[in-house]
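Numbering (full-length UniProt numbering), first residue to last: 1 to 197.
Where is the CB? At the ideal position from N, CA and C, for every residue including glycine.
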């Protein structure tokens, strides 16, 4: 459908809001000077007086000031609901303990714990109690049981070291949250807590 073309200024000024409401259905010759937007405007053809500019174009979608509050409240409610649903989906979900990226993150968490520990002896992984991943991310939540070994923390192959026996025996239950980007070999420890068991 080809839209009619009308001059914007001069003697053929139009009621643009009215035309938009009517869907461009009427031709310019059928428009009257007393239409909604031009009430009280003098005809300017052939006169030397000041011209009055038409009101700016205002699109109307049937919104009233009384219903605007209701619609704004509804929009805000939908936005809050969407954020709430998104936050629920971002919770941690259970994953396999054998997942490659999770296993690498566990190794990082144990190495980080040993490097930050003030004791001379290294700790090794005894058991993975919980393995979870935050949805749509590579952030892992892990609950690990660690045991103190007879090896020093800078020794190689700590996994083969025997555990200390009484009186130096010590086991810890630790929870780590690790942001893992294994393709860049970048790991970030976001949180860690440990308690003796």
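Quiz item: Per the contact definition of three or more C-beta pairs closer than 8 Å, is the region 184-194 in contact with the region 164-175?
Solution: When C-beta atoms of the region 164-175 are compared with those of the region 184-194, three or more pairs fall below 8 Å, so the two segments count as touching.
Self-check item: Distance CB(residue 132)-CB(residue 98) smaller than 8 Å
Solution: no
Exercise. Please list the segments of the alpha helix (DSSP H) lying wholly inside the UniProt domain "Cystatin" (87-195), counting only runs of 4 or more residues, in order along the chain.
Key: 100-116
Quiz prompt | Classification of residue 147 by the beta-carbon crowding that lies within 10 angstroms, buried from 16 upward | solution = When all chains shown are included, residue 147 counts as buried.
Quiz item: My guess is that residue 127 and residue 145 are in contact by the Cβ rule of under 8 Å, so how many angstroms apart are they, rounded?
Solution: 4 Å
Self-check item: Nearest candidate by alpha-carbon position, reference residue 130, set 92, 113, 170
Solution: 92
Quiz item: Are the C-beta atoms of residue 179 and some chain B residue less than 8 Å apart?
Solution: Structure shown: chain B not included; a single protein chain is present.
Quiz prompt | Sequence-distant residues of the same chain with beta carbon closer than 7 Å to residue 162, five excluded per side | solution = The answer, listed in chain order, is 149, 150.
Exercise. Leaving out five residues on either side along the sequence, give the residues of the same chain with a beta carbon under 7 Å from the beta carbon of residue 125.
Key: When the five nearest sequence neighbours on each side are left out, the beta carbons in the same chain lying within less than 7 Å of the beta carbon of residue 125 are those of 106, 110, 144, 146, in order along the chain.
Quiz prompt | Check whether residue 180 and residue 138 have beta carbons under 8 Å apart | solution = yes
Self-check item: Residues of its chain near residue 204, where Cβ-Cβ distance is below 8 Å and the 5 sequence neighbours each way are ignored
Solution: The question about residue 204 has no answer, for the chain in this structure spans 1 to 197.
Quiz prompt | Outcome for residue 72 when other beta-carbon atoms lying within 10 angstroms are tallied against a minimum of 16 | solution = By the 10 Å Cβ count, residue 72 comes out exposed.
Quiz prompt | Beta carbon of residue 114 nearer than 8 Å to that of residue 122 | solution = yes
Self-check item: Test item: CB-CB of residue 108 and residue 184 under 8 Å
Solution: No, the pair does not count as a contact, with Cβ atoms beyond the cut-off.
Quiz item: By a C-beta neighbour count over all protein chains shown, 10 Å radius and 16 as the cutoff for buried, is residue 68 buried or exposed?
Solution: exposed
Exercise. With a threshold of 16 other CB atoms inside 10 Å of the CB of residue 76, please say whether the residue is buried or exposed.
Key: Here residue 76 is exposed. Its C-beta has fewer than 16 other C-beta atoms within 10 Å.
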